[in-house]
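Numbering (the UniProt record's numbering), first residue to last: 1 to 303.
Just so it is clear, CB atoms sit at the ideal spot from N, CA and C, and this is done for glycine as well.
Computed from a predicted structure; not experimentally measured.
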């Protein structure tokens, strides 16, 4: 029977990438921890880790189980908290760093849910570019970050948790010829006029996508406004590849925007949490993590 102790041990190994480091973190021997992971894998019938000389990395199933493991512990924490004390007895200030795209499409719901659960906690939000948010997290000037995790640089100093994987899709105007295709690939799109969103390092993400595909896109316009991308696509002035978290099927002018999957584009935009690794985190970070895990950000219906 799977136990909470096994789940906690699994999370420790997943977060440290090492049996030895995880054993130190949870104060047990390496042999006991190794046995616990083996028993857990036998219990659920899948391999959770790839073992190699430099440590351990999660398998695809391991990544899936990590998300569920955090949810299990969050549920247990909520149950304990409801019996031990009322959340309105928790007070203090929580400083959150956020990047602009995440602020526009995810932050409001998260903060609303947290404020309802903890009405006496003062929330302070700082919005800035990802490198500066990273700097503030590492230096301890902010408690937790809510941002796109794909481009993090200082991963050794930060602990992270993905809350949602937002698929990338192609935005098109109505009646575009590509809508008649049974499937659409990057090669079908590369010669089309493309509108590039240049906010929250979306330009860097796009550059990686096209580079991996070995294609040179025909970008005709760059903008820092998602609403501008919507209006331009709806008006037939270009196509754009954007994450589902920003999709809405109409522009500000009320014109329709279609969205289609690209068969050879499997990357997602990963939105999640980051906090300082290796030190005791501020007391209010744990309640914030619990609330964030309760309802994942990916609530928009699939297109």
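Residue i, buried or exposed, once every other Cβ within 10 Å from all chains shown has been counted against 16
{"i": "residue 242", "result": "buried"}
{"i": "residue 66", "result": "buried"}
{"i": "residue 168", "result": "buried"}
{"i": "residue 245", "result": "buried"}
{"i": "residue 27", "result": "exposed"}
{"i": "residue 56", "result": "buried"}
{"i": "residue 132", "result": "exposed"}
{"i": "residue 227", "result": "exposed"}
{"i": "residue 287", "result": "buried"}
{"i": "residue 256", "result": "exposed"}
{"i": "residue 31", "result": "exposed"}
{"i": "residue 301", "result": "Unreliable placement is indicated for residue 301, whose pLDDT of 33 sits below 50; no coordinate value is reported for it."}
{"i": "residue 144", "result": "buried"}
{"i": "residue 377", "result": "Within the shown structure, residues of the chain are numbered from 1 to 303, placing residue 377 beyond reach of any answer."}
{"i": "residue 174", "result": "exposed"}
{"i": "residue 122", "result": "exposed"}
{"i": "residue 217", "result": "buried"}
{"i": "residue 183", "result": "exposed"}
Residue nearest to residue i in terms of C-alpha spacing, selected from the options
{"i": "residue 266", "options": "212, 237, 247", "result": "212"}
{"i": "residue 272", "options": "56, 171, 96", "result": "96"}
{"i": "residue 201", "options": "190, 140, 61, 152", "result": "152"}
{"i": "residue 185", "options": "198, 43, 58, 264", "result": "264"}
{"i": "residue 89", "options": "61, 118, 101", "result": "118"}
{"i": "residue 190", "options": "182, 198, 207", "result": "207"}
{"i": "residue 247", "options": "210, 105, 9", "result": "105"}
{"i": "residue 17", "options": "35, 62, 77, 39", "result": "62"}
{"i": "residue 281", "options": "142, 235, 181, 188", "result": "142"}
{"i": "residue 270", "options": "165, 182, 225, 294", "result": "165"}
{"i": "residue 44", "options": "224, 294, 218, 6", "result": "6"}
{"i": "residue 289", "options": "64, 111, 182", "result": "111"}
{"i": "residue 13", "options": "42, 1, 51", "result": "51"}
{"i": "residue 38", "options": "60, 99, 2, 249", "result": "2"}
Contact under 8 Å by Cβ, residue i with residue j
{"i": "residue 160", "j": "residue 193", "result": "no"}
{"i": "residue 179", "j": "residue 253", "result": "no"}
{"i": "residue 170", "j": "residue 260", "result": "yes"}
{"i": "residue 284", "j": "residue 94", "result": "yes"}
{"i": "residue 204", "j": "residue 240", "result": "no"}
{"i": "residue 91", "j": "residue 120", "result": "yes"}
{"i": "residue 101", "j": "residue 199", "result": "yes"}
{"i": "residue 103", "j": "residue 127", "result": "yes"}
{"i": "residue 71", "j": "residue 274", "result": "no"}
{"i": "residue 209", "j": "residue 238", "result": "no"}
{"i": "residue 251", "j": "residue 231", "result": "yes"}
Distance between beta carbons of residue j and residue i, contact taken as under 8 Å
{"i": "residue 147", "j": "residue 130", "result": "6 Å"}
{"i": "residue 33", "j": "residue 19", "result": "6 Å"}
{"i": "residue 292", "j": "residue 149", "result": "That pair is no contact at about 13 Å."}
{"i": "residue 58", "j": "residue 48", "result": "7 Å"}
{"i": "residue 53", "j": "residue 10", "result": "Between residue 10 and residue 53 the Cβ distance is about 21 Å, and since that is not below 8 Å, they are no contact."}
{"i": "residue 172", "j": "residue 233", "result": "7 Å"}
{"i": "residue 387", "j": "residue 22", "result": "The chain is shown from 1 up to 303; residue 387 falls before or after that span and cannot be answered."}
Residue i beta carbon near the ligand HEM (any heavy atom closer than 7 Å)
{"i": "residue 143", "result": "What this structure holds is no ligand at all, so the ligand HEM is not there to describe."}
message: At 4 residues or longer, what runs of the alpha helix (DSSP H) sit wholly inside the segment 208 to 285?
response: 226 to 234
field: Those runs of the beta strand (DSSP E) which lie wholly inside the segment 24 to 76 and span at least 3 residues
entry: 49 to 52, 55 to 58
query: Can you list the alpha helix (DSSP H) stretches of 4 or more residues lying completely in the segment 93 to 129, in chain order?
result: 108 to 117
query: Could you give the uninterrupted runs of the beta strand (DSSP E) lying entirely in the segment 148 to 219, keeping only those of 3 residues or more?
result: 158 to 172, 193 to 197
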